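Student:
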Amino acid sequence: MKGSLIKNFLIFFFVFLFIASFFSLYNSPGNSQEKIDISRLVNEINHQNVKSIEVDENKLLVVLKDGSEKITYKEPNESLSTLLNNYDVSSDNLQEVKITIKEKSSSALWLNAILPFLIPFLLIGVFIWIMMRQLQGANNRAMGFGQSSARQVNILNNKNRVTFKNVAGAKEAKEELTEVVDFLKNPQKFLAVGAKIPKGVLMLGAPGTGKTLLAKAVAGEAKVPFFHISGSEFVEMFVGVGASRVRDLFKKAKKTSPCIIFIDEIDAVGRQRGAGLGGSHDEREQTLNQILVEMDGFDTDTHVIVIAATNRPDVLDPALLRPGRFDRRVVIDMPDIKDRLEILKVHSETKPLASDVDLNTIAQRTPGFSGADLANLLNEAAILTARKNRKKIENVDLFEAIEKVVLGPERKSRLLNDKEKEITAYHEAGHALVSHFSSHSDPVHKVSIISRGHAAGYTMNIPEKDKQLHSYSEFIDNLAVLLAGFISEKLQFGEVTTGASNDLKRATKTARELTMVYGMSDALGPRTFGETEDLIFLGKQLHEQKDYSEKTAEIIDKEISRLISEAAKTAKKIITEKKDKLKIIVDSLLEKETLEKEEFAKLLEN
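Using my numbering, read the sequence shown as starting at 199 and increasing by one per residue.
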């Protein structure tokens, strides 16, 4: 608002300056002639040096016989002849002077008469026009408050058009979305056999798995207009604004149909209704109701497909998920090793990689990474390369970037004293040793006593291949590995430190899940215990509802303690039997601070 006022003031000032300058130039006399007084004019006439005199009202333009021009002025109401007679100029001398009287033009008369009054009116008119324009802009903004702010992307004129070729992995999701593209390209083919065009496609997946990218790819493949908006842009503090924006969005979309509307994070407006808060005038509920009506209400003859994305399908309203609204649900899983390799290849096309870089190894070391995590990984590696003043990204940069993404940056300022360094070495060596000699544990890829994030050291276990199912034996071995650091410290120093707190927390959570969620306890049998209630309008867990007795709760506590106790015994047995190998690992860590997979395996073999 302040900038607009300054801009209008400057416009008004320059207009005033222009008009004033024009008026000044028009009224200012020319400066090419020399000014003389009447007495000199009379003297020149008497000496017969004057060739002609031009009378322009009270201005006299005198041309001498030598060609020079002079200018003088007389009284406005006095004629030239009367003036010269008063100065006793002889008639003989006047006869040799050519005297002409210049008639005033009609335009000059008009300007002289009207311009002094016109300029103030012009200035006032310009000022009123600026103020009206300002008020009109504010009125337009007020009237446009209920209009949709969705951005339309013209796919045909977009140089960076995204297609399915630009999306690595997610093969099943792309196959499902290919049918949507066919609907948009050839709707008559489906309508001829009685098939209805799907109204909506709901993409479900964890953050960073590529939901928005796939929506762009659908629009790019179908070559149709693409509207994109976030679910939070519908909701305002004023009731009815969100519903108005939904109506305006679908009105625009119907004019350009067939087209795609992409609503990102639809859970912002699509949460379950009837939470009991907000009364009957809940803005979010009214917005959701309008979306439901637009997608499958009274008017169903539209060729607009709505693609929505969310990572919280559990909180969506059932009416939004029924057939006729979101007919298709596309689940986008975390990428497996093959998908991760393809994603790494796509994101590395613009980055110079050294000849020895093996992206397959990087894909193996990044289980659980989403597409966004892998893109961030390569970006971090590029930043590390630039920081080291190198031109190409090497393996060491990629490995360091993995650790930075997972654990955080190295805390070089956090220096451990010799005692703390030794404790950390025994702690991490215990993890690595028990992991190596456990048959169902993931292989050790790296052991380090360099601080990263909140950890004084870390042991990196990476599975050889992606797993979807986990067995009881794996959980038991993982419990032993988690408690190995605690046991190693206790056996070596006779007491434990606070460094094992996170390991104990994770071990307790795993034992509780084994008992209460996965049904892997012989004492309790194959059933689950406890149900959680969520605050739908907040998206948070309210409390855990106990569907078991106090006696069962006591058995659960005993089972959790038993699992942890047995895992501790297993870890203690391995560390005691392999104490010499533990010492070898500790000595190497104290010397080198970091052990890679090959070096660690070689130590244990020797």
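Every residue, glycine too, gets a C-beta built ideally from N, C-alpha and C.
Being a predicted model, the structure only gives us computed values, none of them experimental.
Please name the residue, chosen from T695, D525 and L258, that lies closest to K394 on a Cα-to-Cα basis.
Tutor: Along the sequence shown, read from residue 1 onward, the residue named residue 394 stands at position 196. Ranking T695, D525 and L258 by Cα distance to K394 puts D525 first.
Student: Under a three-way DSSP split, which group does R650 fall into?
Tutor: Here the question's residue 650 lines up with position 452 in the sequence shown. It is a strand residue.
Student: If we count the other Cβ atoms within 10 Å of its Cβ and call it buried at 16 or more, is E242 buried or exposed?
Tutor: Taking the sequence shown and counting its residues from 1, one reaches residue 242 at position 44. So E242 counts as buried.
Student: How many Å lie between G398 and R482 at the Cα?
Tutor: Position 200 of the sequence shown, counting from 1, holds the residue named residue 398. Position 284 of the sequence shown, counting from 1, holds the residue named residue 482. Distance between the alpha carbons of G398 and R482 is about 20 Å.
Student: By the three-class DSSP mapping on this structure, what secondary structure does N338 have?
Tutor: One-based indexing of the sequence shown puts residue 338 at position 140. Confidence at N338 is low in this model, with a pLDDT of 48, below 50, so the placement of that residue should be treated as unreliable; the coordinate-derived value is given next. Reduced to three states, the DSSP call for N338 is helix.
Student: With the cut-off set at 7 Å, would you say V642 and A630 are in Cβ contact?
Tutor: In the sequence shown, residue 642 corresponds to position 444, counting from 1. In the sequence shown, residue 630 corresponds to position 432, counting from 1. Cβ atoms of V642 and A630: closer than 7 Å.
Student: Would the stretch 641 to 660 count as touching the stretch 708 to 725 if we require 3 or more Cβ pairs under 8 Å?
Tutor: no
Student: Which of the three DSSP states, helix, strand or coil, is assigned to D701?
Tutor: Position 503 of the sequence shown, counting from 1, holds the residue named residue 701. Residue state, collapsed to three classes: helix.
Student: Between A466 and G408, how many whole angstroms is the CB-CB distance? I'm expecting something under 8 Å.
Tutor: As a working note, residue 466 is residue 268 in the sequence shown. As a working note, residue 408 is residue 210 in the sequence shown. Actually they are not in contact, since the Cβ atoms of A466 and G408 sit about 20 Å apart, beyond 8 Å.
Student: Any idea if Q484 is buried or exposed, counting beta-carbon neighbours within 10 angstroms, 16 or more meaning buried?
Tutor: In the sequence shown, the residue the question calls residue 484 occupies position 286. With 16 or more other Cβ atoms within 10 Å, it is buried.
Student: In whole angstroms, what is the alpha-carbon distance linking F691 and E620?
Tutor: Residue 691 sits at position 493 when you count from the first residue of the sequence shown. Residue 620 sits at position 422 when you count from the first residue of the sequence shown. If you take the alpha carbons of F691 and E620, they lie about 10 Å apart.
Student: Which ranges would you report for the beta strand (DSSP E) in the stretch 392 to 445 if only whole runs of at least 3 residues count?
Tutor: Runs of the beta strand (DSSP E) inside the stretch 392 to 445: 398 to 403 and 424 to 428.
Student: Which class does N659 belong to by DSSP, given the choice of helix, strand or coil?
Tutor: By one-based count along the sequence shown, residue 659 stands at place 461. Strand, per DSSP.
Student: Give me, in chain order, the residues of the same chain whose beta-carbon lies closer than 7 Å to that of R538; leave out the 5 immediate sequence neighbours on both sides.
Tutor: If you number the sequence shown from 1, residue 538 lands on position 340. Contacts found: A561, T564, F567 and L572.
Student: Could you spell out the range, first to last residue, of the alpha helix (DSSP H) harbouring I754?
Tutor: Looking up residue 754 in the sequence shown gives position 556. Boundaries of the alpha helix (DSSP H) around I754: E748 to E775.
Student: Which residue or residues does DSSP assign as beta-bridge partners of I505?
Tutor: Reading the sequence shown from its first residue, position 307 is the one you call residue 505. Looking at the DSSP assignment, I505 forms a beta bridge with V399 and F460.
Student: Taking the straight line between their C-alpha atoms, what separation do you get for E618 and K372?
Tutor: Here residue 618 refers to the residue found at position 420 when the sequence shown is read from its first residue. Here residue 372 refers to the residue found at position 174 when the sequence shown is read from its first residue. About 52 Å.
Student: For the candidate residues A441, F448, C457 and S455, whose alpha-carbon lies nearest to that of G468?
Tutor: What you label residue 468 is simply residue 270 of the sequence shown in a count that begins at 1. Ranked by Cα distance from G468, the options A441, F448, C457 and S455 are led by A441.
Student: Going by DSSP, which residues form a beta bridge with Y271?
Tutor: On the sequence shown, residue 271 is found 73 positions in, with the first residue counted as 1. BP columns for Y271 point to K257.
Student: Under 7 Å between the Cβ atoms of K268 and I297?
Tutor: As a position in the sequence shown, residue 268 is number 70, starting the count at 1. As a position in the sequence shown, residue 297 is number 99, starting the count at 1. Going by C-beta atoms, K268 is not nearer than 7 Å to I297.
Student: Would you mind working out which of L447, H668 and K421 sits nearest E431, comparing C-alpha positions?
Tutor: Locating residue 431 in the sequence shown gives position 233, where the first residue counts as 1. For E431, the nearest C-alpha among the options comes from L447.
Student: Taking contact to mean at least 3 C-beta pairs separated by less than 8 Å, is the stretch 595 to 606 in contact with the stretch 576 to 583?
Tutor: yes
Student: From which residue to which residue does the beta strand (DSSP E) around K296 run?
Tutor: Numbered from its first residue, the sequence shown carries residue 296 at position 98. Going by DSSP, K296 is part of the beta strand (DSSP E) stretching over K296 to I299.
Student: Decide if I299 is buried, meaning its Cβ has at least 16 other Cβ atoms within 10 Å, or exposed.
Tutor: Numbered from 1 along the sequence shown, position 101 holds the residue referred to as residue 299. Its Cβ having fewer than 16 others within 10 Å, I299 is exposed.
Student: CB T708 to CB L689, shorter than 7 Å?
Tutor: On the sequence shown, position 510 is the one that residue 708 refers to. On the sequence shown, position 491 is the one that residue 689 refers to. Against a cut-off of 7 Å, the Cβ pair of L689 and T708 comes out as no contact.
Student: How is the beta strand (DSSP E) around V792 delimited, first residue to last?
Tutor: Here residue 792 corresponds to residue number 594 of the sequence shown, with the count starting at 1. Note that residue 792 is Thr in the sequence shown, not Val. Looking at the DSSP string, the run of the beta strand (DSSP E) that includes T792 is T792 to E794.
Student: Taking C-alpha atoms, which residue in L802, E757 and F460 lies nearest to I783?
Tutor: What you label residue 783 is simply residue 585 of the sequence shown in a count that begins at 1. The option with the nearest alpha carbon to I783 is L802.
Student: Can you name the residues that DSSP bridges to L551?
Tutor: If you number the sequence shown from 1, residue 551 lands on position 353. Beta-bridge pairing links L551 to I591.
Student: Could you give the residue range of the alpha helix (DSSP H) that holds V491?
Tutor: If you number the sequence shown from 1, residue 491 lands on position 293. Per DSSP, V491 belongs to the alpha helix (DSSP H) from E481 to D494.
Student: Check the DSSP bridge columns for V528 and list the partner residues they point to.
Tutor: Taking the first residue of the sequence shown as 1, we reach residue 528 at position 330. Answer by DSSP bridge pairing, in chain order: M401.
Student: Distance check for L542 and L754, CA to CA, integer angstroms please.
Tutor: By 1-based counting over the sequence shown, the position of residue 754 is 556. By 1-based counting over the sequence shown, the position of residue 542 is 344. Note on identity: in this sequence residue 754 is Ile, with Leu being the wrong assignment. Using only the alpha carbons, I get a separation of about 44 Å.
Student: Ends of the alpha helix (DSSP H) at Q562?
Tutor: Numbered from its first residue, the sequence shown carries residue 562 at position 364. DSSP places Q562 inside the alpha helix (DSSP H), whose first and last residues are L557 to Q562.
Student: Could you pull the start and end residues of the alpha helix (DSSP H) that A623 belongs to?
Tutor: The residue given as residue 623 occupies position 425 in the sequence shown. Element bounds for A623: D616 to H634.
Student: Leaving out five residues before and five after F635 in sequence, what residues of the same chain have Cβ atoms less than 6 Å from its Cβ?
Tutor: Counting from 1 along the sequence shown, the entry for residue 635 is found at position 437. Hits under 6 Å: I772.
Student: Grab me the residues of V253's own chain with a C-beta within less than 6 Å of its C-beta, minus the 5 sequence neighbours each way, in chain order.
Tutor: Position 55 of the sequence shown, counting from 1, holds the residue named residue 253. Once the five neighbours on either side are set aside, the close Cβ partners of V253 are L278 and I299.
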